[in-house]
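Working notes for the structure below.
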Amino acid sequence: MKIHIVLLVFIFLTLLSGCSEKNSKTAQNHSVANTVTTTKDASSVNGNQKVFPTNQLKQDNKNADTFINLSDIEYVTMQGGLHIHTKALFPRHDDQKISKIVALINAGTGKIISTKTEISVINSEARPIGIHFGLKDGSKIYAWTDYTTKSFKDGWSASTLDDRFVLNIQKDGLDEYYTIFSRDVAKYLKESWKDDMPIVKEVDVKSEFSAGGDNVVLRGGDKAVVTGDGCTAKEVIIRVMRNGKPKEVYDVGKVTPQYGQWEWKGIISRQCKTIDGKTVTLANDLYDIIADADGNQTGASCVIYLRDTKEAKN
29 MKIHIVLLVF IFLTLLSGCS EKNSKTAQNH SVANTVTTTK DASSVNGNQK
79 VFPTNQLKQD NKNADTFINL SDIEYVTMQG GLHIHTKALF PRHDDQKISK
129 IVALINAGTG KIISTKTEIS VINSEARPIG IHFGLKDGSK IYAWTDYTTK
179 SFKDGWSAST LDDRFVLNIQ KDGLDEYYTI FSRDVAKYLK ESWKDDMPIV
229 KEVDVKSEFS AGGDNVVLRG GDKAVVTGDG CTAKEVIIRV MRNGKPKEVY
279 DVGKVTPQYG QWEWKGIISR QCKTIDGKTV TLANDLYDII ADADGNQTGA
329 SCVIYLRDTK EAKN
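Structure below.
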């Protein structure tokens, strides 16, 4: 009887061992198959690229699970192309739009580490139109539609891809590039961004004699109203510069933007006060109005025509 029991136990253990080995091989094969599939799908774009599964990229990211964290964002705007200027989005004021955009970016799959050389053909001419994320620590993140290029004898051409985008992270002295797959982001970058961040006027000038727009004339004694939108700077300096003489420039006002919008009002006259309290005398000449936001000087489309007020009204 004891011999029978020993034999039964031995047979049972043998069967159990075989099942465990089979399950182990099955799980191992399944894991390998998933890895190969992920790598194959991502590397089919460019066979010499180093491919990382999505999970590994997330683990390498210091900020937990995503490329962009909502809590890090200071503003969002569009940049690139032939110098477009759009409305800017800010936390607490545009949370719904920002959350939607960040969710689109973070939902991308099959992320591939790219190099600056691969996109240098495009960027050497101009950065493609894309989303610009400004972070609280001064870092920048850009996302733009990926392109394929063809070289010709006299130059090259580019075609947009509708299933991926490029993500450029400039942080802590690093300049990193990723190719990420997402039809939703590619579609958003082509057209949908205009719904959230429409093109706006960077600087506009009006006066009591003009409704604004092109060829605005400000006469001596006019009250000028200078406005702007889409500004991401902390402060805007208003300058008056003599036409053709860039060294003859005076800071006459400053303003703090509120969610990208700002407005400055001031009397334009021959005796002009600067923001440091000095009084300067402007010449009987043409002057331009300049708005300086973080060193990016933008001239308003206007002309200051300094004649006496009485003469100007005749």
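Take 29 as the starting number for the sequence shown in my numbering and just add one per residue.
Just so you know, even glycine gets a beta-carbon here, dropped at the ideal spot from N, CA and C.
It should be emphasised that the depicted structure is a prediction, and the values quoted were computed from it without experimental measurement.
query: Is D313 buried or exposed, if buried means 16 or more other CB atoms sit within 10 Å of its CB?
result: On the sequence shown, position 285 is the one that residue 313 refers to. Exposed, because fewer than 16 other Cβ atoms sit within 10 Å of the Cβ of D313.
- prompt: Which of helix, strand or coil does DSSP assign to A14?
  reply: For the chain, the structure presents residues 29 to 342; residue 14 sits outside this window and is missing.
Cβ distance (whole Å) where V244 is taken to contact E291 below 8 Å: In the sequence shown, counting from the first residue as 1, residue 244 sits at position 216. In the sequence shown, counting from the first residue as 1, residue 291 sits at position 263. About 15 Å separates the beta carbons of V244 and E291, which is beyond the 8 Å limit, so they are not a contact pair.
field: Where T326 sits in the DSSP three-state scheme
entry: By 1-based counting over the sequence shown, the position of residue 326 is 298. When DSSP states are grouped into helix, strand and coil, T326 belongs to the strand group.
Simplified DSSP assignment, three categories, for S220: Within the sequence shown, residue 220 is the residue found at index 192, counting from 1. S220 falls in the helix class under three-state DSSP.
task: Within its chain, find whatever has a CB closer than 8 Å to the CB of S185; leave out the 5 residues flanking it on each side and keep chain order.
output: Position 157 of the sequence shown, counted from the first residue, corresponds to residue 185. Result list for S185: T177, K178, in chain order.
query: Straight-line CA distance for K164 to T255?
result: The residue labelled residue 164 in the question sits at position 136 within the sequence shown. The residue labelled residue 255 in the question sits at position 227 within the sequence shown. Rounded to whole angstroms, K164 and T255 show a C-alpha spacing of 25 Å.
- prompt: For C300, which residues from the same chain have a beta carbon less than 8 Å from its beta carbon, with the 5 sequence-adjacent residues on both sides left out?
  reply: Position 272 of the sequence shown, counted from the start, is the residue given in the question as residue 300. Counting only Cβ-Cβ distances below 8 Å, and skipping sequence neighbours, we find V268, Y278, V280, T307, V308, T309, L310.
field: D88, DSSP secondary structure in three states
entry: In the sequence shown, the residue the question calls residue 88 occupies position 60. Confidence is the limiting factor: at D88 the pLDDT is only 40, short of 50, which leaves the residue's position unreliable and the question unanswerable from this model.
field: Residue environment, F193, which counts as buried when at least 16 other CB atoms sit within 10 Å
entry: Numbered from its first residue, the sequence shown carries residue 193 at position 165. So F193 ends up on the buried side.
field: Pair within 8 Å by beta-carbon distance, Y103 and G162
entry: Within the sequence shown, the letter at position 75 stands for residue 103. Within the sequence shown, the letter at position 134 stands for residue 162. Yes. Within cutoff.
field: Strand pairing of D122, partner residues [DSSP]
entry: Taking the sequence shown and counting its residues from 1, the one referred to as residue 122 is at position 94. Answer by DSSP bridge pairing: none, since D122 is not bridged.
query: Leaving out the 5 sequence neighbours to the left and right, which residues in its chain are closer than 8 Å to Y333 when beta-carbon positions are compared?
result: On the sequence shown, position 305 is the one that residue 333 refers to. Excluding positions up to five away in sequence, the list reads V245, L246, R247, G248, L314, A340.
query: When you compare only the Cα positions, how much space is there between G166 and K262?
result: As a first step, residue 166 must be located in the sequence shown, where it is residue number 138. As a first step, residue 262 must be located in the sequence shown, where it is residue number 234. Taking the straight line joining both Cα atoms gives about 13 Å.
message: Determine whether the beta carbon atoms of I169 and I112 lie at a separation below 8 Å.
response: Residue 169 sits at position 141 when you count from the first residue of the sequence shown. Residue 112 sits at position 84 when you count from the first residue of the sequence shown. Not closer than 8 Å, so no.
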